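When we follow the numbering used here, the leftmost residue of the sequence shown carries the number 471, and every step to the right adds one. We treat Cβ as the ideally placed atom computed from N, Cα and C, and that holds for glycine. The structure presented is a predicted model; accordingly, all values stated were derived computationally and were not measured. Input: a single structure, listed below in structure tokens.
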Amino acid sequence: MLTAKELLGRAQALEPQLVEWRRTLHRHPEVGFDLTQTKALVKKALTEMGYEPKDCGKAGVIALAGGKKPGKTILLRGDMDALPIQEESGVDYASEVPGKMHGCGHDMHTAMMLGAAQLLKEHEDEIEGTVKLEFQPAEEIFQGSPDMIANGLLENPSVAAAVMFHVLGGMPIPAGVVLVPACGGITMASCEQYHIIVHGKGGHGSMPEKCIDPITAAAHIHIALQEINSRELDAHSFGVFTTGRFQAGAASNVIPDSAEMWGTVRTTDPEGAVTELLHKRMTEIVQGVATAYRCTAEITFSDYCPCMVVDKELAGNALTYMGELLGKGAMDMTPMTGGKPGGGSEDFAFVSHEVPTVSMFLTAGNANEGYTYGQHHPKVKFDDSVLFEGSAAYAYMALRWLQEHK
């Protein structure tokens with residue numbers, strides 16, 4: 471099999487193409503399942519490499535490498551969608567699409583996956599089994615993974631293990647380090663969206679006594695929800711509320727008829743007991759506080775994503791393989807986290823509940839290198855000099871795991 475040093479060297483030779491792919495994607499971000507240009511780039515690149523890419527679900531793409539020798543199948547995932555935010559990074563390849571930006575690094579993932587596809591195709595005869603390459607849409611809205619799973623992602627051939635990488639910006643670690651959660655277990659929180667609508671009675675701002683102000687009620691609901699965490703969850707439970715959007719009215723001198731809030735709830739309880747409690751208490755608080763302020767209100771929950779579960783054995787394999795490939799550029803992240811889950815969420819978690827999975831991170835710039843902001847910030851930047859390491863990491867992880875798990 472190709473040595474780690476040889477693979478890394480070949481990946482580095484692909485760097486100009488990787489940067490071109492990444493920056494083209496960055497200039498033309500697309501969100502959710504609406505990935506027309508992104509899919510076209512991915513399928514064109516894969517076809518030119520010699521693959522026969524197939525559509526999977528609403529906007530996903532899969533391709534197979536290997537299969538010429540008997541063995542298991544390992545899945546590699548790269549997500550493709552951007553965020554609905556206005557870019558303020560100042561890079562010369564910034565988004566050309568108003569209100570859309572690759573602010574989470576999925577353009578990096580897609581380019582890294584294409585690089586891995588190129589490496590695997592060049593050495594396809596050496597693959598002892600099959601590598602399934604997944605290019606996934608709609609990660610940011612937690613719908614891409616379940617859609618692709620429902621459309622056969624994990625079958626034909628049946629997937630035995632799954633791998634994802636995610637770049638990290640603004641970390642206090644040099645660029646190009648792979649972080650592996652070698653402890654396994656739950657590493658990321660579940661997440662779901664909530665939407666609250668408070669109904670009042672609008673009117674002129676000079677006559678509040680003739681109105682029923684939904685903004686006041688909504689503000690008190692927002693504050694009251696925070697008390698669930700501090701007063702109703704035990705010390706070992708994890709629950710985070712974020713109201714990310716609050717909307718009411720259109721004029722400063724008018725009391726509106728309604729006010730709305732959108733946000734997220736995150737937990738690390740795979741059994742769902744904490745989520746059930748949160749649903750119950752949030753509903754009671756929303757309706758009770760609204761009533762106290764003479765309003766009515768309803769709350770709905772949607773776009774649920776489960777906790778990420780990392781397989782400990784697979785994570786151990788990953789730490790070994792990344793150490794072979796990158797030496798000191800691979801780290802067990804357990805000492806950094808204390809083995810506790812992070813509050814972020816990832817829809818590849820749906821896959822982790824079906825097959826053994828490992829989710830790893832690739833550092834892509836820190837503050838000392840001019841990369842100050844983290845994911846989802848309009849000014850976030852990612853260092854695309856790490857792309858070749860990401861491609862090599864994807865490919866080497868697949869090759870080594872298949873070699874050892876015949």
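* Asked: Do you know offhand how far Phe858's Cα is from Gly673's?
  -> Going from the Cα of Phe858 to the Cα of Gly673 covers about 60 angstroms.
* **N- and C-terminal bounds of the alpha helix (DSSP H) containing Glu566** => Premise fails: Glu566 is in no alpha helix (DSSP H) and is neither H nor E.
* Asked: Run through DSSP, which three-state label would Gln606 get?
  -> strand
* Does the region 795-812 touch the region 596-610, meaning 3 or more C-beta pairs lie closer than 8 angstroms? -> no
* Among Lys570, Asp773, Ala620, Asp504, the one whose alpha carbon lies nearest that of Gln663 -> Asp773
* Asked: How far does the beta strand (DSSP E) with Leu638 in it reach, from first residue to last?
  -> 631-638
* To do: List the endpoints of the continuous alpha helix (DSSP H) containing Val531.
  => First-last for Val531: 530-536, but that is the beta strand (DSSP E), not the alpha helix (DSSP H).
* **Pair within 7 angstroms by beta-carbon distance, Tyr521 and Ala533** => Closer than 7 angstroms, so yes.
* **Val637, buried or exposed, once every other Cβ within 10 Å from all chains shown has been counted against 16** => buried
* Asked: Whose C-beta lies closer than 6 angstroms to the C-beta of Thr712 among residues of the same chain, with five residues either side of it excluded?
  -> Gly733, Thr734
* To do: From the DSSP output, read off the bridge partner residues of Tyr664.
  => Paired residues: Gly733, Phe771.
* Secondary structure of Lys680, DSSP reduced to three states -> helix
* How would you label Ala743, buried or exposed, when you count the other beta carbons within 10 angstroms and need 16 or more for buried? -> exposed
* Can you name, in chain order, every residue of its own chain whose Cβ lies under 7 angstroms from the Cβ of Lys513, other than the five neighbours on each side? -> Pro523, Val531
* Asked: Using the C-alpha atoms, what's the distance from Ala652 back to Ala762?
  -> 50 angstroms
* Return no unless some Cβ of chain D is closer than 7 angstroms to the Cβ of Gly673. => Given the protein chain composition of this structure (a single chain), no chain D is represented.
* Asked: alpha helix (DSSP H) containing Lys524: first to last residue?
  -> No alpha helix (DSSP H) contains Lys524, which is instead part of the beta strand (DSSP E) from 524-526.
* Could you tell me how far apart the beta carbons of Glu609 and Asp817 are, in whole angstroms, since I believe they sit closer than 8 angstroms? => Taking 8 angstroms as the upper bound for CB-CB distance, Glu609 and Asp817 are in contact here, some 5 angstroms apart.
* Asked: Once you ignore the five residues that flank Pro726 on each side, which residues in its own chain have a CB closer than 8 angstroms to its CB?
  -> Gly670, Gly672, Pro684, Ile685, Ala718, Gly719, Ala720
* To do: Alpha carbon to alpha carbon, how far is Gly541 from Glu596? Give it in angstroms, no decimals.
  => 12 angstroms
* Who are the near neighbours of Asp854 in its chain, counting only those whose CB is closer than 6 angstroms to its CB and skipping five residues on each side? -> Val489, Arg492
* Could you pull the start and end residues of the alpha helix (DSSP H) that Phe431 belongs to? => Here the chain comprises residues numbered 471 to 876, so residue 431 is not present and cannot be evaluated.
* Rank Gln556, Ala552, Ile555, Leu546 by C-alpha distance to the C-alpha of Met583 and give the top, closest one. => If we check each option's Cα against that of Met583, Leu546 comes out closest.
* To do: Ignore the nearest five residues each way along the sequence and tell me which others in Leu516's own chain have a CB closer than 7 angstroms to its CB.
  => Pro523, Ala533, Ala587
* Neighbourhood of Leu484 by C-beta, 7 angstroms cutoff - its chain only, sequence neighbours within 5 removed -> Within its own chain, the residues whose Cβ lies closer than 7 angstroms to the Cβ of Leu484, once the five positions on either side in sequence are excluded, are Gly585, Gln588, Phe858, Ser861, listed in chain order.
* To do: Please work out which residues of its chain come closer than 7 angstroms, Cβ to Cβ, to Glu702, disregarding the five sequence neighbours upstream and downstream, and give them in chain order.
  => Arg751
* Asked: In whole angstroms, what separates the C-alpha of His875 from that of Ser559?
  -> 43 angstroms
* Asked: Are Leu495 and Phe635 touching if we call contact CB-CB under 7 angstroms?
  -> no
* Would you give the residue range spanned by the alpha helix (DSSP H) that Asp577 belongs to? => 576-592
* Contact set for Lys591: own chain, Cβ-Cβ below 8 angstroms, skip 5 residues either direction -> Only Met519, Gly520, Tyr521, Ala535 meet the Cβ criterion.
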